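Top line first, the protein sequences correspond to chains A and B. Taken in order, the first sequence gives residues 1 to 165; the numbers are from the numbering used here. Taken in order, the second sequence gives residues 166 to 330; the numbers are from the numbering used here. No residue lacks a Cβ here, since even glycine has one placed at the ideal position from N, Cα and C. Keep in mind it's a predicted model, so treat the numbers as computed, not measured.
Protein chains: 2
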Amino acid sequence: MSDTRWLTEREQEVWRDFMAAFLGLTDQLARQLQRDSAMPHAYYEILVSLSEAPDRTLRMSELAGLRGSSRSRLSHAVARLEEAGWVMRRECPTDKRGSFAVLTDRGFAALEAAAPGHVAEVREKLFDKLTPEQIEQLGEISKAILSGVDTSATTCCPDLTGGDR
Amino acid sequence: MSDTRWLTEREQEVWRDFMAAFLGLTDQLARQLQRDSAMPHAYYEILVSLSEAPDRTLRMSELAGLRGSSRSRLSHAVARLEEAGWVMRRECPTDKRGSFAVLTDRGFAALEAAAPGHVAEVREKLFDKLTPEQIEQLGEISKAILSGVDTSATTCCPDLTGGDR
DNA sequence: GCCTACTTGTTGAGAGTTCAACAAGTACAC
DNA sequence: GTGTACTTGTTGAACTCTCAACAAGTAGGC
Numbered sequence: 001m002s003d004t005r006w007l008t009e010r011e012q013e014v015w016r017d018f019m020a021a022f023l024g025l026t027d028q029l030a031r032q033l034q035r036d037s038a039m040p041h042a043y044y045e046i047l048v049s050l051s052e053a054p055d056r057t058l059r060m061s062e063l064a065g066l067r068g069s070s071r072s073r074l075s076h077a078v079a080r081l082e083e084a085g086w087v088m089r090r091e092c093p094t095d096k097r098g099s100f101a102v103l104t105d106r107g108f109a110a111l112e113a114a115a116p117g118h119v120a121e122v123r124e125k126l127f128d129k130l131t132p133e134q135i136e137q138l139g140e141i142s143k144a145i146l147s148g149v150d151t152s153a154t155t156c157c158p159d160l161t162g163g164d165r
Numbered sequence: 166m167s168d169t170r171w172l173t174e175r176e177q178e179v180w181r182d183f184m185a186a187f188l189g190l191t192d193q194l195a196r197q198l199q200r201d202s203a204m205p206h207a208y209y210e211i212l213v214s215l216s217e218a219p220d221r222t223l224r225m226s227e228l229a230g231l232r233g234s235s236r237s238r239l240s241h242a243v244a245r246l247e248e249a250g251w252v253m254r255r256e257c258p259t260d261k262r263g264s265f266a267v268l269t270d271r272g273f274a275a276l277e278a279a280a281p282g283h284v285a286e287v288r289e290k291l292f293d294k295l296t297p298e299q300i301e302q303l304g305e306i307s308k309a310i311l312s313g314v315d316t317s318a319t320t321c322c323p324d325l326t327g328g329d330r
């Protein structure tokens with residue numbers, strides 16, 4: 001198609017440090033949560049989203065959108081969270097296809113118990129390592145990257161079977 | 166233990182944007198590689214590490230160290246890469262426990278075929294979104310985060326059974 | 001030599017994610 | 001109403017990763 005615009009030496013270096021730093025960071029956060037609270041990071045974030053929603057309740061697809069997760073992934077995850085007694089499903093009265101996920105009191109308690117350790121890890125491993133200027137810079141950089149990430153790609157699986165028959 | 170130092174509003178915002186941006190970015194890179202080259206991102210990086218090693222050969226544990234991967238994970242991955250014909254195992258003559266992973270010609274060709282698409286995605290989704298100053302800042306920030314990430318944690322599983330008997 | 005401690009790499013089971021396929025319901029034209 | 005297209009959420013299989021357990025080999029004391 002077009003000849004490749006390879007990375008410069010410096011870009012390569014930044015890219016590798018960036019990946020190593022971020023993968024290492026997320027890895028440690030995930031380990032901390034799994035070790036101390038027996039939940040994967042993705043499940044923690046589902047609980048957070050629910051805890052902030054009105055009535056601690058969200059439609060499955062809204063929750064998937066918020067978390068940038070596929071419907072399939074969320075469905076499996078909520079099934080596990082339901083087994084743990086942290087989330088309940090409730091049907092939607094106005095749309096019989098739909099279903100709500102509701103954070104239970106036990107789920108909220110589990111989240112409250114997990115939060116301090118998680119926040120401490122984020123502080124120690126991220127914010128304590130950066131100057132106030134760098135924190136601002138990271139915010140700007142993140143926003144710039146976000147502008148190019150199509151969040152829809154994760155959530156939906158466009159079925160194009162009807163388009164080119 | 167100690168009372169929690171919660172995140173400030175601004176820190177929270179940066180944290181969420183950061184996670185969303187990074188998870189979205191890695192997700193898209195992984196999808197691009199899987200879609201266009203039928204390999205997970207982690208496998209791509211294994212091939213890269215091997216391609217840069219003398220004789221395209223590395224001890225399993227060195228490779229695990231380079232990639233910040235556990236020995237178990239690497240062993241499974243190399244098994245898959247061997248099935249694909251991209252990597253071969255060779256035994257180590259001086260240490261009969263050890264084994265080498267060697268990138269095959271087919272593996273090198275697969276890497277060459279995958280690289281342009283991957284680099285284009287990294288460019289488009291990351292470097293094209295950032296100013297030269299931001300790229301420098303990201304490099305510094307990554308180094309700072311890296312300083313607090315203990316890369317050993319991933320690789321080894323310290324067996325402390327003998328310590329406190 | 002022998003014995004204990006450690007290292008290397010593999011294995012199998014369990015857990016989370018992805019993908020494609022699916023049932024059930026909704027929306028809207030006709 | 002009927003029919004077609006789309007949406008919602010779930011399911012099962014395949015795949016990757018993690019964890020614990022393991023066999024085999026090395027290192028160093030004695």
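What is the DSSP secondary structure of residue 224 (chain B), reduced to helix, strand or coil? Taking the first residue of the second sequence as 1, we reach residue 224 (chain B) at position 59. Here residue 224 (chain B) sits in strand by DSSP.
Of the residues A:42, A:27, A:15, which one's Cα is nearest the Cα of residue 305 (chain B)? As a working note, residue 305 (chain B) is residue 140 in the second sequence. Nearest option by C-alpha distance: A:15.
Could you tell me which chain A residues have their CB closer than 7 Å to the CB of residue 281 (chain B), listed as they occur along the chain? In the second sequence, counting from the first residue as 1, residue 281 (chain B) sits at position 116. Within 7 Å Cβ-Cβ: 4.
Measure the alpha-carbon distance for residue 81 (chain A) versus residue 112 (chain A) and round it to whole angstroms. In the first sequence, counting from the first residue as 1, residue 81 (chain A) sits at position 81. In the first sequence, counting from the first residue as 1, residue 112 (chain A) sits at position 112. C-alpha separation (whole angstroms): 16 Å.
Name, please, each residue of chain B whose Cβ falls closer than 7 Å to the Cβ of residue 17 (chain A). Your numbering for residue 17 (chain A) matches position 17 in the first sequence. Those within 7 Å of residue 17 (chain A) in chain B are 304, 307, 308, 311.
Would you tell me roughly how many angstroms separate the C-alpha atoms of residue 44 (chain A) and residue 68 (chain A), rounded to the nearest one? Counting from one through the first sequence, the residue named residue 44 (chain A) turns up at place 44. Counting from one through the first sequence, the residue named residue 68 (chain A) turns up at place 68. Distance between the alpha carbons of residue 44 (chain A) and residue 68 (chain A): 14 Å.
Does chain A have any CB closer than 8 Å to the CB of residue 176 (chain B)? Working through the second sequence from its first residue, we reach residue 176 (chain B) at position 11. Judged by the 8 Å Cβ criterion, residue 176 (chain B) is in contact with chain A.
Residue 197 (chain B) versus chain A: which residues are under 8 Å apart at the beta carbon? Here residue 197 (chain B) is taken as the residue at index 32 of the second sequence, counted from 1. Within 8 Å Cβ-Cβ: nothing; residue 197 (chain B) doesn't reach chain A, min ~10 Å.
Strictly below 7 Å CB to CB, what residues from chain B border residue 123 (chain A)? As a position in the first sequence, residue 123 (chain A) is number 123, starting the count at 1. Neighbours of residue 123 (chain A) in chain B, taken as residues at a C-beta separation under 7 Å, are given in chain order as 170.
Strictly by DSSP, which residues pair up with residue 265 (chain B)? Sequence index remark: in the second sequence, residue 265 (chain B) carries index 100 (1-based). For residue 265 (chain B), which the question treats as bridged, DSSP gives the partners B:224, B:255.
Give a yes or no on whether the minimum CB-CB distance between residue 320 (chain B) and chain A is below 8 Å. By 1-based counting over the second sequence, the position of residue 320 (chain B) is 155. Note that residue 320 (chain B) scores a pLDDT of 43, beneath 50, so its modelled location is shaky; the value from the coordinates is reported in the next line. With 8 Å as the cut-off, residue 320 (chain B) does not count as an interface residue toward chain A.
May I ask which residues mark the beginning and end of the alpha helix (DSSP H) holding residue 191 (chain B)? Position 26 of the second sequence, counted from the first residue, corresponds to residue 191 (chain B). Element bounds for residue 191 (chain B): 174 to 202.
With burial defined as no fewer than 16 other Cβ atoms inside 10 Å of the residue's Cβ, what is the status of residue 186 (chain B): buried or exposed? Residue numbering aside, residue 186 (chain B) sits at position 21 when the second sequence is read from its first letter. The residue in question, residue 186 (chain B), is buried, as its Cβ has 16 or more Cβ neighbours within 10 Å.
Since residue 190 (chain B) meets chain A, which of its residues come closer than 7 Å, beta carbon to beta carbon? By one-based count along the second sequence, residue 190 (chain B) stands at place 25. Here the neighbours are 145, 149.
Three-state secondary structure (DSSP) of residue 235 (chain B): For the purposes of this step, residue 235 (chain B) is taken as the residue at position 70 of the second sequence. Coil.
Listing by chain order, which chain A residues have their CB less than 8 Å from the CB of residue 300 (chain B)? As a first step, residue 300 (chain B) is located in the second sequence; it is residue number 135 there, counting from the start. Residues of chain A passing the Cβ test: 10, 11, 14.
Below 8 Å on the Cβ atoms is my contact criterion, and I expect residue 199 (chain B) with residue 286 (chain B) to pass it. Report the Cβ-Cβ distance as a whole number of Å. Counting from one through the second sequence, the residue named residue 199 (chain B) turns up at place 34. Counting from one through the second sequence, the residue named residue 286 (chain B) turns up at place 121. Actually they are not in contact, since the Cβ atoms of residue 199 (chain B) and residue 286 (chain B) sit about 12 Å apart, beyond 8 Å.
Residues in the region 227 to 248 of chain B having any Cβ partner in chain A nearer than 9 Å: From the region 227 to 248 of chain B, only 233 have a Cβ closer than 9 Å to chain A.
How many whole angstroms separate the CB atoms of residue 229 (chain B) and residue 235 (chain B), which I take to be in contact at a CB cut-off of 8 Å? On the second sequence, residue 229 (chain B) is found 64 positions in, with the first residue counted as 1. On the second sequence, residue 235 (chain B) is found 70 positions in, with the first residue counted as 1. Indeed they touch by this definition, with Cβ atoms about 7 Å apart.
Under 8 Å: do the region 216 to 225 of chain B and the region 169 to 176 of chain B share three or more Cβ pairs, one atom per stretch? no
Which residues in chain B sit within 7 Å of residue 119 (chain A), going by Cβ to Cβ distance? Looking up residue 119 (chain A) in the first sequence gives position 119. Those are 169, 171, 172, listed as they occur along chain B.
Can you find a heavy atom of the ligand ADP that lies under 7 Å from the Cβ of residue 105 (chain A)? This structure simply doesn't include the ligand ADP, nor any ligand for that matter.
Proximity to residue 168 (chain B) [Cα-Cα], best of A:135, A:116, A:147: Here the question's residue 168 (chain B) lines up with position 3 in the second sequence. Out of A:135, A:116, A:147, A:116 has the C-alpha closest to the C-alpha of residue 168 (chain B).
Relative to the alpha-carbon of residue 211 (chain A), which residue among A:23, A:46, A:86 has its alpha-carbon at the smallest distance? Since the first and last residues shown for chain A are 1 and 165, residue 211 (chain A) lies out of range.
Under a Cβ-count criterion, where at least 16 other Cβ atoms within 10 Å of its own Cβ denotes burial, should residue 86 (chain A) be classed as buried or exposed? Working through the first sequence from its first residue, we reach residue 86 (chain A) at position 86. Counting Cβ neighbours within 10 Å, residue 86 (chain A) comes out buried, since at least 16 surround it.
Given a cut-off of 8 Å, decide if residue 309 (chain B) and residue 32 (chain A) are closer than it, judged by their beta-carbon atoms. The residue given as residue 32 (chain A) occupies position 32 in the first sequence. The residue given as residue 309 (chain B) occupies position 144 in the second sequence. With contacts defined by Cβ atoms closer than 8 Å, residue 32 (chain A) and residue 309 (chain B) do not form a contacting pair.
Taking CB distances under 8 Å as the criterion, tell me whether residue 108 (chain A) reaches chain B. Numbered from its first residue, the first sequence carries residue 108 (chain A) at position 108. No, no contact with chain B.
Output the distance between the C-alpha atoms of residue 48 (chain A) and residue 91 (chain A), rounded to the nearest integer angstrom. As a first step, residue 48 (chain A) is located in the first sequence; it is residue number 48 there, counting from the start. As a first step, residue 91 (chain A) is located in the first sequence; it is residue number 91 there, counting from the start. Taking the straight line joining both Cα atoms gives about 21 Å.
Nearest to residue 30 (chain A) by CA position, among A:131, A:118, A:128, is which residue? Locating residue 30 (chain A) in the first sequence gives position 30, counting from the first residue. When only C-alpha atoms are compared, the closest one is A:118.
For a contact defined as C-beta to C-beta under 9 Å, what are the partners of residue 223 (chain B) on chain A? The count along the second sequence starts at 1 and reaches residue 223 (chain B) at position 58. Within 9 Å Cβ-Cβ: nothing; residue 223 (chain B) doesn't reach chain A, min ~17 Å.
Does the Cβ of residue 128 (chain A) have 16 or more other Cβ atoms within 10 Å, making it buried, or fewer, making it exposed? Your numbering for residue 128 (chain A) matches position 128 in the first sequence. Exposed, by the Cβ-count rule.
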